[in-house]
Amino acid sequence: MFTGIVEERGSVRDIAPARMSIECRTVTSDAAEGASISVNGACLTVVECSDRHLAFDVSEETRRRTSFSRLREGDPVNLERPLTLSSRLGGHLVQGHVDGVGEVESIERSEDGGAWITLRAPGSIGRYLVDKGSICVDGVSLTIAARGEETFGVALIPHTLEVTTLGSAGVGDPVNLEVDVIAKYVEALLEGRP
Numbered sequence: 549m550f551t552g553i554v555e556e557r558g559s560v561r562d563i564a565p566a567r568m569s570i571e572c573r574t575v576t577s578d579a580a581e582g583a584s585i586s587v588n589g590a591c592l593t594v595v596e597c598s599d600r601h602l603a604f605d606v607s608e609e610t611r612r613r614t615s616f617s618r619l620r621e622g623d624p625v626n627l628e629r630p631l632t633l634s635s636r637l638g639g640h641l642v643q644g645h646v647d648g649v650g651e652v653e654s655i656e657r658s659e660d661g662g663a664w665i666t667l668r669a670p671g672s673i674g675r676y677l678v679d680k681g682s683i684c685v686d687g688v689s690l691t692i693a694a695r696g697e698e699t700f701g702v703a704l705i706p707h708t709l710e711v712t713t714l715g716s717a718g719v720g721d722p723v724n725l726e727v728d729v730i731a732k733y734v735e736a737l738l739e740g741r742p
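According to this note's numbering, numbering within the sequence shown proceeds without interruption in unit steps and concludes at 742.
Here is the structure:
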């Protein structure tokens, strides 16, 4: 479990079809082989580590369900270590299970240094989007500020733009989306699904 509070912006050191290596420093401090790390919102298992990088095996399933196939060497990525039982829950409960890949539709910068970003969501997750509800965008816990038929908007403060990859996002960029897990459980319970 994660919180969606990004700890570090790393950089893709090397990416191959089945493995990705990330240059980073903060999240390596207590990482070991077998540890979980959220990379742009996807929970990955550390298979190699040093004090300056982490490497992960990336399955075809993960590549298919995330925006990882668009990553290139040098691209920035949002990183977060998993929650501990003594951690503050500053964002919301995030599993690191990407529900779909959305797309940045528009970005409006404000005079105060913040921004309003409108994102297009895949139809399969639209029913989970609620005004003032939580969503995880590339591993960043955000509040849905507006909701349309196929889009939703988020208001970003300057700090979020500075410390996450959302500050360098452009129109048309793909983003990993994870909806609020509580909504998925409620839906399953109401439908009587196991």
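Positions of the beta carbon are idealized from the N, C-alpha and C atoms, including for glycine.
Continuous beta strand (DSSP E) assignments of at least 3 residues falling wholly in the stretch 614-661: Those beta strand (DSSP E) runs which fall completely within the stretch 614-661 and span 3+ residues are 624-628 and 648-657.
Environment of Ser672 [buried if 16+ CB atoms lie within 10 Å]: Here residue 672 refers to the residue found at position 124 when the sequence shown is read from its first residue. Per the 10 Å Cβ criterion, exposed.
Test item: CB-CB of Gly648 and Leu738 under 8 Å: Position 100 of the sequence shown, counting from 1, holds the residue named residue 648. Position 190 of the sequence shown, counting from 1, holds the residue named residue 738. Between Gly648 and Leu738, the CB-CB gap reaches or exceeds 8 Å.
Cβ contact check for the stretch 596-608 and the stretch 559-573: 3 or more pairs under 8 Å: Using a Cβ-Cβ distance cut-off of 8 Å, the stretch 596-608 and the stretch 559-573 are in contact, since at least three pairs of beta carbons, one from each stretch, lie closer than that value.
Residue interval of the alpha helix (DSSP H) (run including Val734): Along the sequence shown, one-based indexing puts residue 734 at 186. Taken as a continuous stretch (DSSP letters only), the alpha helix (DSSP H) holding Val734 covers Val729 to Glu739.
Nearest-angstrom Cα separation, counted from Ala590 out to Glu497: Only positions 549 to 742 of the chain appear in this structure, which leaves residue 497 out of reach.
Rounded C-alpha distance that separates Ser634 from Thr610: By 1-based counting over the sequence shown, the position of residue 634 is 86. By 1-based counting over the sequence shown, the position of residue 610 is 62. Rounded to the nearest angstrom, the gap between the Cα atoms of Ser634 and Thr610 is 30 Å.
Inter-residue Cα distance where the pair is Val734 and Ala583: Counting from one through the sequence shown, the residue named residue 734 turns up at place 186. Counting from one through the sequence shown, the residue named residue 583 turns up at place 35. Whole-angstrom Cα-Cα distance: 29 Å.
Contact check, Asn626 vs Val727, beta carbons under 8 Å: Taking the first residue of the sequence shown as 1, we reach residue 626 at position 78. Taking the first residue of the sequence shown as 1, we reach residue 727 at position 179. No.
Selection from Leu592, Glu698 and Gly740 that minimises the alpha carbon distance to Phe616: Walking along the sequence shown from the start, residue 616 turns up at place 68. The option with the nearest alpha carbon to Phe616 is Leu592.
Selected residue, minimal CA-CA separation from Gly622, among Thr699, Ile730 and Arg557: Walking along the sequence shown from the start, residue 622 turns up at place 74. Nearest option by C-alpha distance: Arg557.
Three-state secondary structure assigned by DSSP to Thr712: Reading the sequence shown from its first residue, position 164 is the one you call residue 712. In the three-state DSSP reduction, Thr712 falls in the coil class, being neither helix nor strand.
Whole-angstrom distance between Pro670 and Leu686, CA atom to CA atom: The residue you call residue 686 lines up with position 138 of the sequence shown. The residue you call residue 670 lines up with position 122 of the sequence shown. Note that residue 686 corresponds to Asp in the displayed sequence, not to Leu. Per the coordinates, the alpha-carbon of Asp686 lies some 15 Å from the alpha-carbon of Pro670.
Separation of Thr614 from Leu704, as counted between CA atoms: Within the sequence shown, numbered from 1, the residue matching residue 704 stands at position 156. Within the sequence shown, numbered from 1, the residue matching residue 614 stands at position 66. Distance between the alpha carbons of Leu704 and Thr614: 22 Å.
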